[in-house]
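Using my numbering, you'd call the opening residue of the sequence shown number 104 and step up by one each time. For every residue, glycine included, the Cβ atom is placed at its ideal position computed from N, Cα and C. What follows is a set of notes on a single structure, which appears directly below.
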Amino acid sequence: MALREIVKFGEDILRKKCRPVTVFDEKLWTLLDDMKETMQQAQGAGLAAPQVGILRRVCVIDVRDKHGVIELVNPEIIEATGSQTGGEGCLSAPGEWREVERPATVTVKAQDRNGNEFTMTGEGLLARAFCHETDHLDGVLFIDKAIFTEEQA
């Protein structure tokens with residue numbers, strides 16, 4: 104495993120839509136392992152492939168709950184209900200925090216590192232992470248969804 108450099112806001116790659124993963128091999132496994140290590144080293148709750156310069160639909164999430172590290176390949180949100188508003192940050196924007204409204208409960212359909220399809224439902228912080236990381240795969244950043252107060256405007 105190796106640490107990867109995290110791309111910072113302002114880099115064009117963060118605004119690009121990622122391509123689906125079609126080959127589930129050692130190259131993908133290395134990417135997932137490196138992303139996990141990079142996320143943990145940076146003390147983040149999630150990391151998407153474009154944040155390490157790779158335009159593939161891959162992300163890792165760890166909200167430090169019973170699920171541990173979750174690997175999502177080709178994730179797609181298939182259901183979102185309720186609403187929550189809370190502070191959100193991003194490893195690509197160190198020190199930046201904004202209030203963002205997200206669904207309270209999110210179900211995602213994805214593949215694992217071997218191509219097996221699964222679904223998973225998350226609430227609270229995990230639901231927020233599912234949304235934040237899948238947004239990255241479509242070139243959408245949390246600041247695009249931030250709720251600005253009058254003093255921020």
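Query: Check Pro123 in the structure and name its three-state DSSP category.; Result: coil
Query: Does the beta-carbon distance from Ala232 to Ala148 come in below 9 angstroms?; Result: yes
Query: For Glu199, which residues from the same chain have a beta carbon less than 8 angstroms from its beta carbon, with the 5 sequence-adjacent residues on both sides left out?; Result: Phe112, Gly192, Cys193, Ile246
Query: Going by DSSP, name the residue or residues bridged to Val161.; Result: Val176
Query: Check Ile181 in the structure and name its three-state DSSP category.; Result: strand
Query: Can you tell me the Cα-Cα spacing of Phe221 and Glu174, whole angstroms?; Result: 11 angstroms
Query: Rank Val161, Gly189, Ala230 by C-alpha distance to the C-alpha of Glu182 and give the top, closest one.; Result: Ala230
Query: Does the segment 196–211 come close enough to the segment 147–161 that 3 or more CB-CB pairs lie under 8 angstroms?; Result: no
Query: Where does Lys111 fall in DSSP's three states?; Result: coil
Query: Enumerate in chain order the residues of its own chain whose CB-to-CB distance from Thr184 is below 7 angstroms, with the five nearest sequence positions on each side excluded.; Result: Pro206, Ala207, Thr208
Query: Decide if Gln214 is buried, meaning its Cβ has at least 16 other Cβ atoms within 10 Å, or exposed.; Result: buried
Query: In angstroms with no decimal places, state the Cα-to-Cα distance between Gly218 and Pro178.; Result: 12 angstroms
Query: Thinking just about the alpha-carbon of each residue, which of Val126, Gly189, Val155 is nearest to the one in Lys139?; Result: Val155
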